[in-house]
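Asks: In the numbering used here, the protein residues as written are 95 to 941.
What follows is a single structure, and I will ask about it in a moment.
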RNA sequence: GCUCGGGUGGCGGAAUUGGUAGACGCGCCAGACUAAGGAUCUGGUGUCCAUUGCGGACGUGGGGGUUCGACUCCCCCCUCGAGCACCA
């Protein structure tokens, strides 16, 4: 098998340009105080989600977003911006460690190998990253600041009054005790049922459970003492401050949904001498409550259960405990048992029976509800099954008028809500309440390959305290065996040298989750080598925006409720504490769609439909891969791969190449001479000798407009179509003025930088295209003197007529009516009306 | 069930204040150059009818509506995908 001849020699010039860019640091971005920094230039910070460097190497999904941002970055640079476009590695985390355990290699080595491979792959795609700013979350110089930020969280609390985080030292000054302070820290120890994965030997955050289950890991509920972050305090702000961001509505919806805000009321019922608080979104139906339900885990269950019901209740509780949440959800039939106790409805003194049922969750609200079967589907199902009374309190006809409810009768639902809440407050039986679904963030992991917590425990008192900042970074000890042990304290517990800090103090053995490092990496890129600050104030002021630090962020929507929520939370804490000016991390965000396999299914090893970017680069070149991924369709849409499509854009690039070069008899590429240097004093319009060049100028400038409009709206597929049409026009011309062609190359350069630079050089130019300014659009070239008007009769296309662009309405109408085919269709009819849309069409209404 | 996003040729997709539906690419058909073409170039290509000539009918998931005019706006329905899911 002989090597197939390449349609153009990308295999020769692509590596050449990549080396050139790397050696000359062509894409270095100077920041404040650095050599070459120009404060007069506007800045633009465009960011990709940094990859987790897996052993499998780059996936074709990665270059989709990366190419999009690269195009915008290069475009902005050519428009005079100082563009920050960095790349780094999210190298901690469970996958790295699982892989290391499987292969027996230390995760540090695995990580090193993988990041080297990823870097090579990215460089072979010609992305304009400033590699001097590369960050790696596992680098001690980086994780030091991750631990520092954790200490900021540890050392602060959320002030409800001001709705912001403040240092706990303020509470100390007010005389709070250590225990009281520990209860309000943003990072706190909490014992509660958590998601424990026996197969991985660690706990997981709520947000992570589904992902790992899908990968075949087991997850169960288990009560454990864990470090939590008090993200729930930020629930309202996380919703409110999402609003002004330039994010896709669907992603905003996903976050809002996850945070899950509900407005309602808390109502206090009396239950055998205890006050039981329930949460309801329908306080207006309080008169319709016919029974109460407690979650099986509710603390009052055993106390209020009457003697005769005890056995049945215990049995039910045992049955519930053995069921996982998953199984509970799968139960189609409602189940439950009466406790024998009765609660008193505060509004009318009615005694209603108290039941226990697992359709009420301890984790939401107060774990107790008032059941209104007439107006709640679930309560209705339960009431019907157990034959409990159903009391209508909203009028059936209009679904909006309250009935059977004493002083609420006749009111609308909205009015009744207001009135009953007022009544509850006055009678001290409840209050308005806003409830969120969001839970606090379970932040500790029982793993080796993560940032250790910079915390110490007093062996005697059991108190925790922060490690002094001067002792950061705190690295994990070197260990041979770090397999999960099943011990919920994690593998570090086996390293006694490391644990014992002093006589009195020992280290926390948990590590942070992968999200820790990715929560703030976008800040570090701005000042990656600073040893004094996680980011200097100058760099922060220069690179960040107040209404959203990063100008434009692109990355997968699978992080909509994980990384994107966690980052926002940390950012707000750092903002509250005065470390950051901006309130939000990402001003504009965009999620590229999934690239599916050629068979239309999600790419996976087992289906054998995975496309390896290295193979595509080898066969068609980096420019072809870049261009194809942008040409596939709208960026935000899921779309299937088609190798034939790669060939299509590859042919297009070859066509551009052949405008400059032809192959001689020996099979060598030679300059074709089709590109003509501007002979007559650089004037591209030389009407006498070259009637076609005016047309080419027009096409070229139309292309400038179409390409830049498309880049602004991220419709890269249409930008490429425009360039293809332009190329087709060039192909059919006998000569192309060089100036025009160089303009075209500038348009092409953000998309296919290697080919564009190569041709620019072959044509004798010495300045890199990427260092030149984006071409200026000459609007005057777009003005048409003659236009085509569409002529419709009764809305149906009947003719197209060629007229002067400035034709008057009357003349246009006359010309249309005079058309042969129009007359054929209006014959025998009366023209009732003629609509003339100037420059577009004429519609004749006749019957 | 709730929330969000889709449905346009054989395929990926164009059509951004309602104004030529199908740009561009793939695939396919025909031709040119060739010893040869899986290279390249040229032409054609929504469906159906007519094709001796203009041309005509239908057509953007289905049904209805608004309008001189609807892929685009409104109502109802079908369908596919994603996220959440006994959240009171």
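Glycine residues also receive a C-beta, built at the ideal position from the N, C-alpha and C atoms.
Taking the C-alpha atoms as reference points, what is the distance between residue 347 and residue 661?
Replies: Within the first chain, residue 347 is the residue found at index 253, counting from 1. Within the first chain, residue 661 is the residue found at index 567, counting from 1. Between residue 347 and residue 661, the C-alpha separation is close to 17 Å.
Asks: Just list the residues that DSSP pairs residue 647 with in beta bridges.
Replies: Position 553 of the first chain holds residue 647. 141, 683.
Asks: Do you know offhand how far residue 180's Cα is from residue 226's?
Replies: Stepping through the first chain from its first residue, residue 180 is reached at position 86. Stepping through the first chain from its first residue, residue 226 is reached at position 132. The alpha-carbon atoms of residue 180 and residue 226 are separated by roughly 9 Å.
Asks: Helix, strand or coil: which one does DSSP assign to residue 631?
Replies: The sequence position of residue 631 within the first chain is 537, counting from 1. Residue 631: helix per DSSP, three-state reduction.
Asks: For residue 393, is the classification buried or exposed, using 16 other Cβ atoms within 10 angstroms of its Cβ as the cut-off for buried?
Replies: The residue given as residue 393 occupies position 299 in the first chain. Exposed: under 16 other Cβ atoms inside 10 Å.
Asks: Among 343, 331, 694, which one has its Cα closest to the Cα of residue 258?
Replies: Indexing the first chain from 1 puts residue 258 at position 164. The shortest C-alpha separation from residue 258 is found at 331.
Asks: I think residue 730 touches residue 685, with their Cβ atoms under 8 Å apart; what is that distance to the nearest whole Å?
Replies: Position 636 of the first chain, counted from the first residue, corresponds to residue 730. Position 591 of the first chain, counted from the first residue, corresponds to residue 685. Right, the Cβ-Cβ distance comes to about 6 Å (below 8 Å), so this counts as a contact.
Asks: Do you know whose CA, among 905, 918, 876, lies nearest residue 891's CA?
Replies: On the first chain, position 797 is the one that residue 891 refers to. Residue 918 is the option with its Cα nearest to residue 891.
Asks: Spatial neighbours of residue 240 within its chain, please: CB distance less than 6 Å, with the 5 preceding and 5 following residues excluded, ordered by chain position.
Replies: In the first chain, the residue the question calls residue 240 occupies position 146. The answer, listed in chain order, is 545, 610, 611.
Asks: Skipping 5 residues on each side, what residues in its chain have a beta carbon closer than 7 Å to that of residue 863?
Replies: The count along the first chain starts at 1 and reaches residue 863 at position 769. If we look at residue 863 and ignore the five residues flanking it on each side, its Cβ neighbours are 839, 840, 843, 850, 851, 854.
Asks: Who pairs with residue 546 in a beta bridge, going by DSSP?
Replies: By 1-based counting over the first chain, the position of residue 546 is 452. Looking at the DSSP assignment, residue 546 forms a beta bridge with 605.
Asks: What separation, rounded to the nearest whole angstrom, lies between the Cα atoms of residue 42 and residue 873?
Replies: Absent from the model: residue 42. The displayed extent of the chain is 95 to 941, so no value can be given.
Asks: If residue 301 and residue 867 are in contact, beta carbons under 8 Å, what's the gap, nearest whole angstrom?
Replies: Locating residue 301 in the first chain gives position 207, counting from the first residue. Locating residue 867 in the first chain gives position 773, counting from the first residue. Rounded, the Cβ-Cβ distance is 45 Å, inconsistent with contact.
Asks: By the 10 Å Cβ neighbour count, where 16 or more other Cβ atoms means buried, how is residue 923 classified, buried or exposed?
Replies: Position 829 of the first chain, counted from the first residue, corresponds to residue 923. Its Cβ having fewer than 16 others within 10 Å, residue 923 is exposed.
Asks: So residue 380 packs on residue 441, CB below 8 Å; how close in whole Å?
Replies: In the first chain, counting from the first residue as 1, residue 380 sits at position 286. In the first chain, counting from the first residue as 1, residue 441 sits at position 347. Right, the Cβ-Cβ distance comes to about 5 Å (below 8 Å), so this counts as a contact.
Asks: Helix, strand or coil for residue 384? Go by DSSP, reduced to three states.
Replies: Along the first chain, one-based indexing puts residue 384 at 290. Coil.
Asks: Which ranges does the alpha helix (DSSP H) cover as unbroken runs of at least 4 residues, wholly within the segment 461-516, from first to last along the chain?
Replies: As far as the segment 461-516 is concerned, its whole alpha helix (DSSP H) runs of at least 4 residues are 471-480.
Asks: Going by C-alpha distance, which of 742, 217, 164, 230 is nearest residue 185?
Replies: Indexing the first chain from 1 puts residue 185 at position 91. Ranking 742, 217, 164, 230 by Cα distance to residue 185 puts 230 first.
Asks: Taking 6 Å as the limit between beta carbons, can you name the residues of its chain near residue 292, skipping five residues before and five after?
Replies: If you number the first chain from 1, residue 292 lands on position 198. Cβ within range, chain order: 312.
Asks: List the DSSP bridge partners of residue 182.
Replies: The residue given as residue 182 occupies position 88 in the first chain. The partner list for residue 182 (beta bridge, DSSP) reads 229.
Asks: What residue range is occupied by the uninterrupted alpha helix (DSSP H) comprising residue 304?
Replies: The sequence position of residue 304 within the first chain is 210, counting from 1. First-last of the alpha helix (DSSP H) with residue 304: 303-308.
Asks: Return yes when the Cβ of residue 737 is within less than 9 Å of the Cβ of residue 35, no when it is not.
Replies: Since the first residue of the chain shown is 95 and the last is 941, residue 35 is not available in this structure.
Asks: Specify, as a first and last residue, the run of the alpha helix (DSSP H) that residue 914 falls within.
Replies: Within the first chain, residue 914 is the residue found at index 820, counting from 1. Run containing residue 914: 914-920, per the alpha helix (DSSP H) assignment.
Asks: So, at 6 Å on beta carbons, what are the nonlocal neighbours of residue 169 in its own chain, with the 5 sequence-adjacent residues on each side left out?
Replies: Counting from 1 along the first chain, the entry for residue 169 is found at position 75. Taken in chain order, the residues that qualify are 805, 844.
Asks: On the three-state DSSP scale, how would you describe residue 251?
Replies: Translated into the one-based positions of the first chain, residue 251 becomes position 157. Of the three classes helix, strand and coil, the one that applies to residue 251 here is strand, per DSSP.
Asks: Excluding the 5 residues preceding and the 5 following residue 505 in the sequence, name in chain order all residues of the same chain whose CB lies nearer than 6 Å to its CB.
Replies: Taking the first residue of the first chain as 1, we reach residue 505 at position 411. These residues qualify, in order along the chain: 496.
Asks: If distances are taken between C-alpha atoms only, which option among 556, 584, 614, 637 comes closest to residue 600?
Replies: By one-based count along the first chain, residue 600 stands at place 506. Of 556, 584, 614, 637, the residue nearest in Cα terms is 556.
Asks: Using 10 angstroms around the beta-carbon of residue 747, count the other beta-carbons present and answer buried if the total reaches 16, otherwise exposed.
Replies: What you label residue 747 is simply residue 653 of the first chain in a count that begins at 1. That one is buried.
Asks: Quickly, what does DSSP pair residue 755 with across the bridge? List them, please.
Replies: Position 661 of the first chain holds residue 755. Beta-bridge pairing links residue 755 to 765.
Asks: Is the segment 139-150 touching the segment 187-200, taking contact as three or more C-beta pairs under 8 Å?
Replies: Touching, yes, given that three or more Cβ pairs across the two stretches are closer than 8 Å.
Asks: So, for residue 563: in the same chain, excluding its five sequence neighbours on each side, which residues have a beta-carbon less than 6 Å away from its beta-carbon?
Replies: Looking up residue 563 in the first chain gives position 469. So the list is empty, once near-sequence residues are dropped.
Asks: Suppose you measure from the CA of residue 542 to the CA of residue 707; what does that come to, to the nearest Å?
Replies: What you label residue 542 is simply residue 448 of the first chain in a count that begins at 1. What you label residue 707 is simply residue 613 of the first chain in a count that begins at 1. Spanning the two alpha carbons is a distance of roughly 32 Å.
Asks: Which residues does DSSP pair with residue 363 in a beta bridge?
Replies: Numbered from 1 along the first chain, position 269 holds the residue referred to as residue 363. 370.
Asks: Just how far apart, CA to CA, sit residue 857 and residue 220?
Replies: If you number the first chain from 1, residue 857 lands on position 763. If you number the first chain from 1, residue 220 lands on position 126. Near 21 Å, if we compare the C-alpha coordinates of residue 220 and residue 857.
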